[in-house]
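Engineer: Protein chains in written order, with my numbering: chain Y, 1 to 201; chain B, 202 to 325. Quick one: the structure is below, questions incoming.
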Amino acid sequence: MDSSTRKKWDFSAVFYDLMAWGPERRWAPRKRELFSSMHGKVLFVAVGTGQDIPFFPPGRDITGIDISPRMLAKARERAARYSGSLELREMDIHALEFADQSFDQVVTSCTFCSVPDPVAGLVALRRVLKPGGELSMFEHTGSRVFPFNLMLDVMTPIWKPIGPEMNRDTVTNVKKAGFEIRQVDNVYLDVVKIIIATSPE
Amino acid sequence: MMERRCYFLAGDVLSNAVMGAAAAWLAAALVDLSWSMSVGMFAGMLAGMGTGLLLIPVFVGLFGAMEVMLPVMLTAMLSGMVFGMVCAMQTPALPVLLIGGGTIGILVLLLTYAVNAVLHGKAS
């Protein structure tokens, strides 16, 4: 277990809901749309305090993981109100305790801005995803457009100690991990993106 | 889809206008006629960034993450730069600082809306 990452998110759990109030409401329509495609056995990575749980469609079979026990303690209150099967487990994405090809779909939401080794994390997700299974991501990434790329590069070292990195090339990381990209939609600028990829057959 | 909800549109305008005005005011409090224009501009930019780092968490919590953070930080830097440079040449009155800084904020916001309109949607 990566203790420094766990410590960072345990600390952030104190004020996370306060900071996420605006972003979650702003992104709600796009997240609901993305999550409506949840099917089969679903792994939801980095469930955090469970801010995304109200956007899950009812009646699905979902396993949510997070590295932070303090985040999960808050998520459990929201999970209790979900009308479907939702199991929450404390787990590091770099050491997933699931058998190979356990899930039909993996869903992430603002996850790969924070995973310490994003390509290794994505490779781990490919292992637990069935061949042909779908990876659905709602992520913020770096930008290729000036001056936003510069702003994100400047802000990353400032925010990193308590939160995410803001200049990651997640689409390239998904390709590096061996997924086949099916679709990339820009939600805001070329920074907030919906990425749909599949694990090769 | 482009943002159409009044709460978030009003939040965008408010956060950029307030940030622009605050950065201009802080730059004016820091830089005076004894400074050279280039040093004043650089100091104003740093002051703007500092103001941005203080205010951004409040605006983000209320109105959104990247949609707020990026234009507001750009506003803070630009407003600080412009008024750092101006204050090395003259002493603007408070209303000029507030209205000028607020206007820079609105212009930056419109720029980001325009860029977003070009980029949003299917990328690949």
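Backbone N, C-alpha and C define an ideal beta-carbon position, used for all residues, glycine too. Treat the numbers as computed from the prediction; the structure is a model and nothing was measured.
#1: Take Val-174/Y and list the residues in its own chain whose beta-carbon comes closer than 8 Å to its own, dropping the five residues that flank it on each side.
#2: Going straight from the alpha carbon of Ala-289/B to that of Pro-272/B, what length do you get?
#3: Would DSSP call Asp-190/Y helix, strand or coil?
#4: Check whether the Cβ atoms of Asp-66/Y and Val-42/Y lie closer than 8 Å to each other.
#5: What residues in the segment 3-36 of chain Y bring their beta carbon closer than 7 Å to a beta carbon of chain B?
#6: Between the alpha carbons of Gly-133/Y and Val-240/B, how many angstroms are there, rounded?
#7: Between His-39/Y and Phe-103/Y, what straight-line distance do the alpha-carbon atoms span, to the nearest angstrom?
#8: Does Pro-131/Y come out as helix, strand or coil in the three-state DSSP assignment?
#9: Counting only beta-carbon atoms, is Leu-189/Y nearer than 8 Å to chain B?
#10: Count the other CB atoms, across all protein chains shown, that sit within 10 Å of the CB of Ala-20/Y; report buried if there are 16 or more and exposed otherwise.
#11: Within its chain, find whatever has a CB closer than 6 Å to the CB of Gly-306/B; leave out the 5 residues flanking it on each side and keep chain order.
#12: How should Lys-208/Y be labelled, buried or exposed, when 16 other C-beta atoms within 10 angstroms of its C-beta is the threshold for buried?
#13: Please determine if the segment 9-20 of chain Y and the segment 67-79 of chain Y are in contact, where contact requires at least 3 C-beta pairs separated by less than 8 Å.
#14: Per DSSP, Ala-197/Y forms a beta bridge with which residues?
#15: For Phe-44/Y, which residues does DSSP report across the bridge?
#16: Does Phe-146/Y have its Cβ less than 8 Å from a Cβ in chain B?
#17: Just to confirm the assignment, what range does the alpha helix (DSSP H) spanning Arg-32/Y have?
#18: For His-140/Y and Ala-120/Y, I'd like the C-alpha separation in whole angstroms.
#19: Kindly indicate which residue of Gly-84/Y, Leu-88/Y and Ser-83/Y has the alpha-carbon position closest to the one of Lys-74/Y.
#20: Compute the Euclidean distance between the alpha carbons of Glu-77/Y and Gly-302/B, then round it to the nearest angstrom.
#21: Select from the segment 172-186 of chain Y all residues with a C-beta closer than 8 Å to any C-beta belonging to chain B, and list them in chain order.
#22: Within a Cβ cutoff of 7 Å, which residues of the same chain sit near Ser-37/Y, ignoring the five residues on either side of it in sequence?
#23: Have a look at Phe-44/Y, Asp-190/Y, Tyr-16/Y and Leu-72/Y and flag the residue whose alpha-carbon is nearest the alpha-carbon of Val-145/Y.
#24: Pull the bridge partners of Glu-90/Y from the DSSP assignment, please.
Structural biologist: On the basis of the data shown:
#1: Leu-122, Leu-135, Met-137, Ile-181, Ile-195 and Ala-197
#2: 26 Å
#3: coil
#4: no
#5: Leu-18, Met-19, Trp-21, Gly-22, Pro-23 and Arg-26
#6: 56 Å
#7: 10 Å
#8: strand
#9: yes
#10: buried
#11: Asn-217, Ala-218, Met-220, Gly-221 and Thr-276
#12: Absent from the structure is residue 208/Y, since the part of chain Y shown begins at 1 and ends at 201.
#13: yes
#14: Leu-135/Y and Ile-181/Y
#15: Gly-64/Y and Val-107/Y
#16: no
#17: 16-35
#18: 18 Å
#19: Leu-88/Y
#20: 44 Å
#21: Ile-181, Gln-183, Val-184, Asp-185 and Asn-186
#22: Ser-136
#23: Asp-190/Y
#24: Asp-66/Y
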